[in-house]
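See structure below.
Protein chains: 2
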Amino acid sequence: MKIDIIENVLKYNKSHAEKNRKLFEENNVMVLNLLSSPGAGKTSLIIETLKRLDGKRNIGVIEGDISSTYDAKKIQKFIPDVVQINTGGTCHLNATMISSAVKKLMIKNLDILIIENVGNLICPVGFDLGEDYKIVVSSVNEGDDKPVKYPPAFVKGDLILLNKIDLLDISDFNIDFFGRKIKKLNPDSEIVKISCKTGNGLDRWISWIEKAVSFKCNK
Amino acid sequence: MKIDIIENVLKYNKSHAEKNRKLFEENNVMVLNLLSSPGAGKTSLIIETLKRLDGKRNIGVIEGDISSTYDAKKIQKFIPDVVQINTGGTCHLNATMISSAVKKLMIKNLDILIIENVGNLICPVGFDLGEDYKIVVSSVNEGDDKPVKYPPAFVKGDLILLNKIDLLDISDFNIDFFGRKIKKLNPDSEIVKISCKTGNGLDRWISWIEKAVSFKCNK
Numbered sequence: 049m050k051i052d053i054i055e056n057v058l059k060y061n062k063s064h065a066e067k068n069r070k071l072f073e074e075n076n077v078m079v080l081n082l083l084s085s086p087g088a089g090k091t092s093l094i095i096e097t098l099k100r101l102d103g104k105r106n107i108g109v110i111e112g113d114i115s116s117t118y119d120a121k122k123i124q125k126f127i128p129d130v131v132q133i134n135t136g137g138t139c140h141l142n143a144t145m146i147s148s149a150v151k152k153l154m155i156k157n158l159d160i161l162i163i164e165n166v167g168n169l170i171c172p173v174g175f176d177l178g179e180d181y182k183i184v185v186s187s188v189n190e191g192d193d194k195p196v197k198y199p200p201a202f203v204k205g206d207l208i209l210l211n212k213i214d215l216l217d218i219s220d221f222n223i224d225f226f227g228r229k230i231k232k233l234n235p236d237s238e239i240v241k242i243s244c245k246t247g248n249g250l251d252r253w254i255s256w257i258e259k260a261v262s263f264k265c266n267k
Numbered sequence: 049m050k051i052d053i054i055e056n057v058l059k060y061n062k063s064h065a066e067k068n069r070k071l072f073e074e075n076n077v078m079v080l081n082l083l084s085s086p087g088a089g090k091t092s093l094i095i096e097t098l099k100r101l102d103g104k105r106n107i108g109v110i111e112g113d114i115s116s117t118y119d120a121k122k123i124q125k126f127i128p129d130v131v132q133i134n135t136g137g138t139c140h141l142n143a144t145m146i147s148s149a150v151k152k153l154m155i156k157n158l159d160i161l162i163i164e165n166v167g168n169l170i171c172p173v174g175f176d177l178g179e180d181y182k183i184v185v186s187s188v189n190e191g192d193d194k195p196v197k198y199p200p201a202f203v204k205g206d207l208i209l210l211n212k213i214d215l216l217d218i219s220d221f222n223i224d225f226f227g228r229k230i231k232k233l234n235p236d237s238e239i240v241k242i243s244c245k246t247g248n249g250l251d252r253w254i255s256w257i258e259k260a261v262s263f264k265c266n267k
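Just so you know, the protein sequences line up as chains A and B, in that order.
The first sequence begins at 49 in our numbering and counts up by one.
The second sequence begins at 49 in our numbering and counts up by one.
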């Protein structure tokens with residue numbers, strides 16, 4: 049038995065992503081799509097961001113996981129506008145999932161929407177969600193060879209956050225090698241070193257966000 | 049334009065996996081399929097295993113990555129029988145890739161074949177390669193919530209290796225929580241705590257392998 053599928057899943061996704069992008073434009077919302085391996089620190093990054101922008105910017109969050117509401121519950125302690133997407137096994141979010149989730153948010157009131165993609169350094173890369181920027185979160189303990197072994201994520205990332213730099217002293221992570229390999233793949237990318245544990249570097253990340261919001265929304 | 053695909057990719061894969069399994073049986077080779085997130089330490093684990101079984105067991109390794117020969121080159125310093133599979137973007141190995149790779153190995157001479165799957169805690173889980181055991185490598189720095197957020201890997205894992213336990217003292221990883229969640233998903237699973245950096249726990253892992261080889265091959 050055979051079934052038909054639409055040939056170009058990505059083309060189909062793209063058309064939905066464009067609809068999302070238009071909606072975000074109309075509502076003046078700057079949208080970030082966070083990509084990383086499992087456990088690189090996306091949820092911690094969101095929490096630290098919410099703390100630092102509390103009272104300054106209205107932020108909504110969409111959490112993507114194959115199952116559980118574990119991360120959404122953590123985020124809900126800080127803001128009301130959280131939606132959890134459970135993909136049921138699929139290894140990435142897609143634009144249709146986002147357009148459904150957005151309906152549950154007070155999109156008109158938001159300045160920033162942060163989408164935490166499924167923890168996976170491969171599958172989410174090719175799926176445009178309608179975001180303004182793809183943020184790749186890599187962490188020291190994953191090793192400095194990630195750009196060599198998972199190039200597409202680093203090619204597509206508008207900003208690379210190197211998290212858990214508090215572990216640099218006790219690891220053999222070669223920060224020059226990591227930076228060089230990324231620059232080769234993506235000469236325009238910016239790399240910001242952070243630690244969500246110590247707060248180190250998060251001021252630079254917050255400045256980056258503020259600049260992106262101003263650029264997008266003139267708010 | 050539409051294209052036809054075989055409905056049950058997994059069924060197609062399964063039939064190839066069974067062929068691989070038969071070949072491994074005939075050649076008395078015990079086969080491990082290593083699954084983990086990127087950077088959890090699969091390659092380091094293989095290297096430490098090769099060092100400890102050097103001169104005792106003949107080991108072959110198949111390295112799976114979306115691109116690069118980075119890991120295979122590391123392994124080649126220890127043994128000649130290494131094959132690199134580049135999936136070209138696909139987020140997991142499948143049984144057909146393995147049957148091609150095995151042709152390049154001296155399978156008759158091997159006691160153990162270790163397959164390092166693509167670094168991904170989701171996609172490789174459903175694809176039987178013909179292995180005897182699925183080994184899930186989780187690492188302390190990824191956080192204790194991995195079984196909650198990526199249950200299928202832990203359900204399917206015959207053995208769970210918790211790597212990087214040298215970082216336990218400086219993290220908030222709750223080892224009881226981690227163990228409890230795994231036992232709930234997979235009551236028969238065994239969890240072995242290791243550090244490829246300090247060597248801690250690797251004797252238990254080597255004993256586990258030796259037992260598995262004896263059980264399979266009566267060698």
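Positions of the beta carbon are idealized from the N, C-alpha and C atoms, including for glycine.
As the structure is a prediction and not an experimental result, all values here were calculated from the model.
Beta carbon of residue i nearer than 8 Å to that of residue j
i	j	result
V185 (chain A)	K229 (chain A)	no
L82 (chain A)	E164 (chain A)	yes
I218 (chain A)	K241 (chain A)	no
F202 (chain A)	N234 (chain A)	yes
I155 (chain B)	L80 (chain B)	no
L215 (chain B)	S84 (chain B)	no
L177 (chain A)	A65 (chain A)	yes
L209 (chain B)	S237 (chain B)	no
N68 (chain B)	S148 (chain B)	no
A88 (chain A)	S243 (chain A)	no
D192 (chain A)	N211 (chain A)	no
T91 (chain B)	K122 (chain B)	yes
P86 (chain B)	K204 (chain A)	no
I32 (chain B)	V150 (chain B)	Only positions 49 to 267 of chain B appear in this structure, which leaves residue 32 (chain B) out of reach.
Residues near residue i by beta carbon distance below 8 Å, same chain, minus five either side
i	result
I54 (chain B)	Residue placement at I54 (chain B) is flagged as unreliable, the pLDDT there being 42, under the threshold of 50; a coordinate-derived value is accordingly withheld.
N159 (chain A)	Before going on, a small fix: residue 159 (chain A) reads as Asp here, not Asn. Contacts found: N76, V77, M78, R105, N106, I107, V261, C265 and K267.
I254 (chain A)	T97, R100 and L101
I51 (chain A)	Note that I51 (chain A) scores 42 on pLDDT, short of 50, meaning its location in the model is unreliable and no value can be drawn from it.
G227 (chain A)	I239
G247 (chain A)	E96
N142 (chain B)	N61, H64, F175 and L177
Neighbourhood of residue i by C-beta, 6 Å cutoff - its chain only, sequence neighbours within 5 removed
i	result
H140 (chain B)	V166, C171, P172 and F175
M145 (chain A)	I133
P199 (chain A)	L233
V57 (chain A)	none
E111 (chain B)	D119, A120, Q132 and E164
K231 (chain B)	none
Own chain residues within Cβ distance below 7 Å of residue i, not counting five before or after
i	result
Q124 (chain A)	V130
G137 (chain B)	I114
E179 (chain A)	V79, L80, N81 and I163
N157 (chain A)	N106
Residue i Cβ short of 7 Å to the ligand ATP heavy atom set
i	result
P172 (chain A)	Looking at this structure, you won't find the ligand ATP or any other ligand, since it has none at all.
Reduced DSSP secondary structure (H/G/I, E/B, other) of residue i
i	result
N42 (chain A)	With chain A running from 49 to 267 in the structure shown, residue 42 (chain A) is simply not present.
M49 (chain B)	Reliability of the predicted coordinates at M49 (chain B) is poor, the pLDDT of 37 falling under 50, and the value obtained from them is presented with this limitation in mind. DSSP places M49 (chain B) in coil when its eight states are reduced to three.
K212 (chain A)	coil
I95 (chain B)	helix
G174 (chain B)	helix
K241 (chain A)	strand
G268 (chain B)	The structure shown does not extend to residue 268 (chain B), since chain B spans only 49 to 267, so no value can be given for it.
Y118 (chain A)	helix
Y198 (chain B)	coil
S85 (chain B)	coil
V28 (chain A)	As shown, chain A starts at 49 and ends at 267. That puts residue 28 (chain A) outside it, with no answer to give.
K70 (chain A)	helix
N56 (chain B)	coil
V203 (chain B)	helix
I254 (chain A)	helix
K90 (chain B)	helix
N134 (chain B)	strand
N106 (chain A)	coil
Contacts that residue i makes with chain B (C-beta to C-beta distance below 7 Å)
i	result
N168 (chain A)	N168 and I170
Y118 (chain A)	D193, V196 and K197
Chain A residues whose Cβ lies nearer than 7 Å to that of residue i
i	result
D139 (chain B)	The sequence given here places Cys at residue 139 (chain B); Asp does not occur at that position. Those within 7 Å of C139 (chain B) in chain A are C139, I170 and C171.
Under 8 Å from the C-beta of residue i: neighbouring residues of chain B
i	result
Y60 (chain A)	Residues of chain B passing the Cβ test: none, with the nearest at roughly 12 Å.
Neighbour list for residue i in chain A, Cβ cutoff strictly below 9 Å
i	result
S115 (chain B)	V196, K197, Y198, P199 and P200
L212 (chain B)	In the sequence as presented, Leu is not what sits at residue 212 (chain B); that position holds Lys. Per Cβ cutoff of 9 Å: N189.
Chain B residues whose Cβ lies nearer than 9 Å to that of residue i
i	result
S85 (chain A)	S85, P86, G87, A88, G167, N168, L169 and E190
Cutoff 8 Å: residue i Cβ touching any chain C Cβ
i	result
E111 (chain B)	Note that chain C does not occur in the displayed structure, where the protein chains are A and B.
Quick one: complete beta strand (DSSP E) runs, 3+ long, within the stretch 141 to 174 of chain B?
160 to 164
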